[in-house]
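Following: one structure in structure tokens, then a few remarks.
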Amino acid sequence: MATRGVKTLDFGGTKEIVYERADFPKAKLHQIFKDDTFAVMGYGTQGRAQALNLRDNGLKVILGLREGPSFELAKEDGFVPGENLFSIPEAAQKASVIMYLLSDAGQKTGWDTIKPFVTTGKTLYFSHGFSIVFSDQTGVVPPPDVDVILAAPKGSGTSVRRLFLEGKGINGSIAVWQDHSGKAHERACAMGVAIGCGYLYETTFQKEVLSDLTGERGILMGAIQGLFRAQYDVLRSKGHSPSEAFNETVEEATQSLYPLIAENGMDWMYANCSTTAQRGALDWWRPFYDASLPVFQKLYHSVETGEETRRSLESNSRKDYKQQLEEELRQIRDSEMWRAGQTVRSLRPERQSK
Ligand SMILES: NC(=O)c1ccc[n+]([C@@H]2O[C@H](COP(=O)([O-])OP(=O)(O)OC[C@H]3O[C@@H](n4cnc5c(N)ncnc54)[C@H](OP(=O)(O)O)[C@@H]3O)[C@@H](O)[C@H]2O)c1
Numbered sequence: 382m383a384t385r386g387v388k389t390l391d392f393g394g395t396k397e398i399v400y401e402r403a404d405f406p407k408a409k410l411h412q413i414f415k416d417d418t419f420a421v422m423g424y425g426t427q428g429r430a431q432a433l434n435l436r437d438n439g440l441k442v443i444l445g446l447r448e449g450p451s452f453e454l455a456k457e458d459g460f461v462p463g464e465n466l467f468s469i470p471e472a473a474q475k476a477s478v479i480m481y482l483l484s485d486a487g488q489k490t491g492w493d494t495i496k497p498f499v500t501t502g503k504t505l506y507f508s509h510g511f512s513i514v515f516s517d518q519t520g521v522v523p524p525p526d527v528d529v530i531l532a533a534p535k536g537s538g539t540s541v542r543r544l545f546l547e548g549k550g551i552n553g554s555i556a557v558w559q560d561h562s563g564k565a566h567e568r569a570c571a572m573g574v575a576i577g578c579g580y581l582y583e584t585t586f587q588k589e590v591l592s593d594l595t596g597e598r599g600i601l602m603g604a605i606q607g608l609f610r611a612q613y614d615v616l617r618s619k620g621h622s623p624s625e626a627f628n629e630t631v632e633e634a635t636q637s638l639y640p641l642i643a644e645n646g647m648d649w650m651y652a653n654c655s656t657t658a659q660r661g662a663l664d665w666w667r668p669f670y671d672a673s674l675p676v677f678q679k680l681y682h683s684v685e686t687g688e689e690t691r692r693s694l695e696s697n698s699r700k701d702y703k704q705q706l707e708e709e710l711r712q713i714r715d716s717e718m719w720r721a722g723q724t725v726r727s728l729r730p731e732r733q734s735k
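Residue numbers (the numbering used here): 382 to 735.
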């Protein structure tokens, strides 16, 4: 086990181990994975980013895809049918590491196809704890003589690829569900780095899926859309123009404050705004906390009891799931707030010069 650079850091009073890219330089990755063939199943934003990063890291990558949009995109990215682009069962057979990156609903549907190829000594890899933790819903139960590991980048596949190309790295979490080889932990860390993570923190499959499903339904997507929309609607109902309502709600947040919060933290943001803003933001964070706490508690409960995975599997397993999602996405896209946003964004000087 590599210890070079492995750090125990103090996170607000709790000590945790983190693994960094520096712990796994390229030569070490090549040593660890010298006999491995990675088969990436699925070419959504994660599958694509991870496959391309592994390929750019000089590791042996093949894809397992059904015919369709992903297959065509993979060909555009230079994968060649019959050489490193195969059907799902063909790739699973050739692989030593099966990277199960179909959509989570697709993982349920596809398990019977994959399962015969998850044979002694192979590694089954996930980027989400969903299929394994909620196996009562998905049926994904690996045999006992394989490693089952997780490396979950904490962000969109687009960022996984973009940051890798910029020489940076997204943060990610790693976990081991089953350690048959005795090397599962090291291989999980090494895979996290090989797919493009800059540093990794430890989790379990269980904790990963519960926090991830809460986060994306909450503050990463659902809650933020809900809060944006609530403030926008109040401003509009009080006679503010769409541009003013949008600028005060979204544009100022994403263009000015959020990047500063990302850089320095909310504590710094509080300390570096006008005293008028300070007074108000100090007074008002509590009412927002009080209003949203029960919603977050309800959300976590819904995740924990399996209600969210059930709904996701049910909805995303329907034949027409893409059309259904598209209809709901269209409603958000066509809302006044986001249409106003298109116009506001087009006014950014850097976009006008293009
Ligand atoms: N999205 C993210 O940024 C993100 C972040 C962290 C972790 N993850 C995890 O990474 C995994 C992959 O996520 P993703 O967002 O990249 O995938 P996704 O967009 O949800 O899934 C897309 C891929 O799955 C294929 N697929 C779906 N159903 C299938 C089926 N029944 N048979 C064969 N192929 C099927 C699609 O093929 P077609 O093109 O042919 O439809 C496509 O290649 C998931 O476990 C997800 O939770 C995702």
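For glycine and all other residues, C-beta sits at the position ideal for the given N, C-alpha and C.
The structure displayed is predicted, hence computed values, not measured ones.
Please state the DSSP three-state secondary structure of residue i.
i: L680; result: helix
i: T389; result: strand
i: A672; result: helix
i: G661; result: helix
i: M602; result: coil
i: V478; result: strand
i: L483; result: coil
i: E717; result: helix
i: F515; result: coil
i: A383; result: With a pLDDT of 44 at A383, under the threshold of 50, the modelled position of this residue cannot be trusted, and the question is left open.
i: R691; result: helix
i: M572; result: helix
i: L728; result: coil
i: D593; result: helix
i: H566; result: helix
i: G491; result: helix
i: V522; result: coil
i: V615; result: helix
i: S696; result: helix
i: G722; result: helix
i: Q733; result: helix
So, residue i versus residue j, is the Cβ gap smaller than 8 Å?
i: L505; j: Q427; result: no
i: A565; j: I413; result: no
i: I479; j: K503; result: yes
i: S673; j: A604; result: yes
i: G579; j: K549; result: yes
i: M422; j: A455; result: no
i: H509; j: D560; result: no
i: V536; j: N434; result: The sequence shown places Gly at residue 536, rather than the Val named in the question. Not in contact: G536 and N434 (Cβ atoms no closer than 8 Å).
i: Y670; j: Q659; result: no
i: Q474; j: F498; result: yes
i: A532; j: G596; result: no
i: F419; j: A486; result: no
i: F467; j: G445; result: yes
i: K489; j: L694; result: yes
i: V541; j: I551; result: yes
i: F511; j: V590; result: yes
i: K441; j: D417; result: yes
i: A430; j: G538; result: yes
i: Q612; j: T630; result: yes
Opposite residue i in the DSSP bridges: which residues?
i: K396; result: D391
i: E583; result: I555
i: Y506; result: M480 and I530
i: C578; result: I551
Is there a Cβ from chain B that is less than 8 Å from the Cβ of residue i?
i: Y651; result: Looking for chain B here will not work: only one protein chain is present.
| task | Please specify which runs of the beta strand (DSSP E), each continuous and at least 3 residues long, are wholly inside the stretch 399 to 471, giving them in chain order. | result | Scanning the stretch 399 to 471 for uninterrupted beta strand (DSSP E) segments of 3 residues or longer gives 419 to 422 and 442 to 445, listed from N- to C-terminal end.
| request: Write down every uninterrupted run of the alpha helix (DSSP H) in the stretch 623 to 655 whose length is 4 residues or greater and which is fully enclosed by it, in chain order. | output: Along the stretch 623 to 655, the alpha helix (DSSP H) occurs as fully enclosed runs of 4 or more residues at 623 to 627, 639 to 645 and 647 to 652, listed in sequence order.
| field | 4 or more residues per run - each alpha helix (DSSP H) lying fully within the stretch 524 to 551 | value | Listed in chain order, the complete alpha helix (DSSP H) runs (minimum 4 residues) inside the stretch 524 to 551 are 538 to 546.
| said: Within 8 Å, do at least three Cβ pairs link the stretch 577 to 597 to the stretch 397 to 404? | reply: Three or more beta-carbon pairs separated by less than 8 Å link the stretch 397 to 404 to the stretch 577 to 597, which places the two stretches in contact.
| Quick check: the stretch 620 to 637 against the stretch 706 to 716, are there 3 or more CB pairs under 8 Å? | Look at the beta carbons and you see the stretch 620 to 637 not touching the stretch 706 to 716: under three pairs across the two are nearer than 8 Å.
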